[in-house]
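Report on the structure given below.
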Amino acid sequence: MTTDVELTQEPILDDHLLAAALARAAGQQLQELRTVLFAQGSTQWHVKDTGDEVGHRFLMEALAHHRPNDAVLSEEGADNNKRLSANRVWIIDPLDGTNEYSEEGRGDWAIHVALWEDGELTAGAVALPVLGITLSTDPATKPVLPAPLARKPRLITSRNRAPYSAHLVANAIDCDAIRMGSAGAKAMAVVLGEADIYVHDGGMHQWDSAAPVAVARAAGLHTSRIDGSPFVYNQRETWLPDLIICRPEFVEPVMKALWSDD
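This note's numbering puts the first residue of the sequence shown at 369, with every later residue one more than the last.
Spelled out as structure tokens, the structure:
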């Protein structure tokens with residue numbers, strides 16, 4: 369987890385610290401906004417739209433101040449093809465899990481901030497504001513320990529519908545299922561040791577996975593597409609079909625479950 373890095377007007381030169389400070393500050397602002405909106409009796413749609421707008425504006429203004437020469441790919445912003453020739457691109461999701469954000473009492477929403485640099489994710493942070501924590505690439509969460517053999521593997525999946533890949537894995541290696549909202553919250557549950565495997569084949573966008581993948585990788589977890597290939601970011605097409613984030617000892621059984629001919 370990160371230290372309590374504050375977002376200041378003075379330039380933050382370290383990209384890891386900036387990612388953490390941005391995610392943390394955006395999360396604090398959205399948490400405060402959410403409390404006000406609920407107190408006002410706002411509709412869920414108004415809470416969603418306002419959260420998306422405020423989070424996007426906050427991060428874009430902060431990045432313009434701290435990294436004025438970098439490109440940005442945001443879920444809530446108009447895409448700009450100039451990012452395709454840029455050497456540094458911030459990939460952000462100002463509010464991951466808008467449905468959960470709009471439901472009072474739910475904590476499974478997140479803020480994603482990642483930096484792509486010359487073909488690789490080089491820094492990232494995911495804030496979980498309700499839990500009061502921000503996980504970062506540096507300092508990274510301590511590497512996860514092997515799962516106790518006395519219990520079943522814990523597979524985390526979407527709260528409404530488990531994808532086909534999750535059914536395959538759960539049945540093949542006899543998993544206990546955990547259901548949760550936001551992709552960032554699910555990925556961080558694996559980083560925090562609350563789950564062991566996160567498999568998804570329903571598709572998501574680059575901003576849904578970039579920061580979670582960066583943080584999970586820094587923590588020593590396996591991250592890949594479900595065919596084992598690496599993620600490729602800052603592509604013209606923002607859609608990514610699938611994802612695996614899991615503890616290293618589960619890579620082989622997960623892959624076998626997904627690709628067995630049986």
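For every residue, glycine included, the Cβ atom is placed at its ideal position computed from N, Cα and C. All figures in this text were calculated on a predicted structure; none of them were measured in a lab.
| Asked | Found |
| --- | --- |
| Residue span of the alpha helix (DSSP H) that contains P601, given as start and end | Rather than Pro, the amino acid found at residue 601 in this sequence is Tyr. Unbroken run through Y601: none, as it is neither H nor E. |
| Between the CA atoms of K624 and E421 - distance to the nearest angstrom | 42 Å |
| Assigned exposure category for L452 - 16 Cβ within 10 Å defines buried | exposed |
| Run of the alpha helix (DSSP H) containing L385, from where it starts to where it stops | D383 to A407 |
| Cβ-Cβ distance between A387 and A555 below 7 Å | no |
| Boundaries (first-last residue) of the beta strand (DSSP E) holding V481 | A478 to E485 |
| Delimiting residues of the beta strand (DSSP E) encompassing A495 | E488 to L496 |
| Backbone CA spacing between D417 and G596 [nearest angstrom] | 36 Å |
| For Q574 and L611, believed in contact at Cβ under 8 Å, the rounded distance | L611 to Q574, Cβ: 11 Å. No contact. |
| Selection from D564, G395 and A584 that minimises the alpha carbon distance to D464 | G395 |
| Between the CA atoms of I546 and R529 - distance to the nearest angstrom | 12 Å |
| Local Cβ density within 10 Å of H434, reported as buried at 16 or more and exposed below that | buried |
| Per DSSP, the bridge partner or partners of Y566 | I524 and I613 |
| Helix, strand or coil at P462 [DSSP, three-state] | strand |
| Alpha-carbon to alpha-carbon, A407 and P598 | 44 Å |
| Any non-hydrogen atom of the ligand NAD closer than 6 Å to M548 Cβ | In the structure shown, the ligand NAD is absent, as is every other ligand, since no ligand is present at all. |
| For L431, the nearest candidate out of A393, L398 and L503 (CA to CA) | A393 |
| Cβ neighbours of P497 in the same chain (closer than 6 Å, five flanking residues each side left out) | G395 and Q399 |
| The segment 613 to 628 in contact with the segment 560 to 569 per 3-pair CB rule at 8 Å | yes |
| Straight-line gap, L405 to G473 (C-alpha atoms, nearest Å) | 13 Å |
| C-beta atoms of V581 and T509 nearer than 7 Å | no |
| Run of the alpha helix (DSSP H) containing A518, from where it starts to where it stops | No alpha helix (DSSP H) holds A518; DSSP gives it neither H nor E. |
| Cα-Cα separation, A586 to L483 | 13 Å |
| Beta bridge counterpart(s) of A538 as assigned by DSSP | None, per the DSSP bridge assignment. |
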